[in-house]
Amino acid sequence: MMAAKPIVQAIEAGNNMVKEANCGLAVEPECPVAIANAIMSIKAMTLIDRIEMGMNGRRFALTSHSYPVLAQNFIHVLAE
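Per the working numbering, the sequence shown starts with residue 1014, numbered consecutively.
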């Protein structure tokens, strides 16, 4: 996400940051066809759309997952 590039997420996780950040496509894990289709879908987008998708991820990472933000969240939890 910090690289400001569209993401293809092919993992099972309790959350879906790619969807939440609108920065790429999430597909079924361990499915080469789904991964290839996601890559081709992103490739078929306009350059502007790919740049926007990448920047969405970078903004999300900076505002939600940078060390200062995570540290502040941790402090807040401890204070409660």
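Glycine included, every Cβ here is placed at the ideal spot set by N, Cα and C.
Bear in mind that the values here come from a model prediction, so they are computed numbers and not experimental data.
Helix or strand or just coil, what does DSSP make of residue i?
i	result
GLY1067	helix
MET1058	coil
ALA1049	helix
GLU1093	coil
SER1077	helix
ALA1034	helix
ALA1084	helix
Starting from residue i, follow its DSSP beta bridges and name the residues at the other end.
i	result
ALA1039	GLN1022
Nearest-angstrom Cα distance between residue i and residue j?
i	j	result
LYS1056	SER1077	27 Å
HIS1089	ASN1028	21 Å
TYR1080	ILE1061	29 Å
MET1053	PHE1073	24 Å
ALA1092	ARG1071	29 Å
Out of the options, point me to the one whose CA is closest to residue i's CA.
i	options	result
GLU1041	MET1053, ILE1052, GLU1025	GLU1025
CYS1036	ALA1016, ALA1051, GLY1067	GLY1067
To which residues of the same chain is residue i closer than 6 Å at the C-beta, ignoring the five residues directly before and after it?
i	result
ALA1047	VAL1040, GLU1041
GLN1022	VAL1031, ALA1039
ALA1034	ASN1069, GLY1070, PHE1073
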